[in-house]
Amino acid sequence: MFDKRHRITLLFNANKAYDRQVVEGVGEYLQASQSEWDIFIEEDFRARIDNIKEWLGDGVIADYDDDDIAQLLADVDVPIVGVGGSYHLAENYPAVHYIATDNHALVESAFTDNHALVESALSCT
Numbered sequence: 003m004f005d006k007r008h009r010i011t012l013l014f015n016a017n018k019a020y021d022r023q024v025v026e027g028v029g030e031y032l033q034a035s036q037s038e039w040d041i042f043i044e045e046d047f048r049a050r051i052d053n054i055k056e057w058l059g060d061g062v063i064a065d066y067d068d069d070d071i072a073q074l075l076a077d078v079d080v081p082i083v084g085v086g087g088s089y090h091l092a093e094n095y096p097a098v099h100y101i102a103t104d105n106h107a108l109v110e111s112a113f114t115d116n117h118a119l120v121e122s123a124l125s126c127t
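Quick note: the sequence shown uses our numbering, first residue 3, plus one each step.
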């Protein structure tokens with residue numbers, strides 16, 4: 003499908019549920035698209051920060067809600083896709099390709115789920 007295999011680094015915190023879901027989504031994309039990617043996930047990339055530019059591969063997908071990661075990648079010379087929260091003002095977005103959460107949908111979902119839970123609890127009394 004592609005001329006060469008691409009080496010992609012994922013920089014996410016596996017202790018955060020949202021980050022795990024992003025990594026899972028990348029895996030699902032790779033299976034569905036049959037992309038020729040080699041994925042590198044460092045368990046504790048902060049332990050190897052000094053030589054990060056040597057192991058980033060051909061591109062990075064990273065948690066841009068983590069300011070340390072954003073600063074770490076500020077001057078690297080590979081394509082970056084940042085993933086994180088959305089901002090009210092366009093100028094607040096980082097200067098990389100960026101996938102933002104849909105805050106309105108998150109709030110709506112939380113309201114709907116909690117409303118149904120409250121209704122269910124009240125009907126039991």
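Cβ atoms here follow ideal geometry from the backbone N, Cα and C, with glycine treated the same way.
Determine the burial state of residue i: buried for a count of at least 16 other Cβ atoms within 10 Å of its Cβ, exposed for fewer.
i, result
"T11", "buried"
"V24", "buried"
"L13", "buried"
"G29", "exposed"
"I63", "buried"
"A102", "exposed"
"L91", "exposed"
"D104", "exposed"
What distance in whole Å lies between the Cβ atoms of residue j and residue i, which are believed to be in contact at a cut-off of 8 Å?
i, j, result
"V80", "D65", "No, V80 and D65 are not in contact; Cβ-Cβ is about 16 Å, not under 8 Å."
"G87", "P96", "Contact doesn't hold; Cβ gap of about 11 Å is too wide."
Between the options, which has its C-alpha nearest residue i's C-alpha?
i, options, result
"E56", "I71, V78 and I41", "V78"
"I43", "E110, A16 and S111", "A16"
"H99", "D40, A72 and V109", "A72"
So is residue i in contact with chain C if we call contact Cβ pairs under 8 Å?
i, result
"R7", "Any reference to chain C falls outside this structure, which holds one protein chain only."
task: At 3 residues or longer, and completely inside the region 12-46: list those beta strand (DSSP E) runs for me, N to C.
output: Runs found: 39-43.
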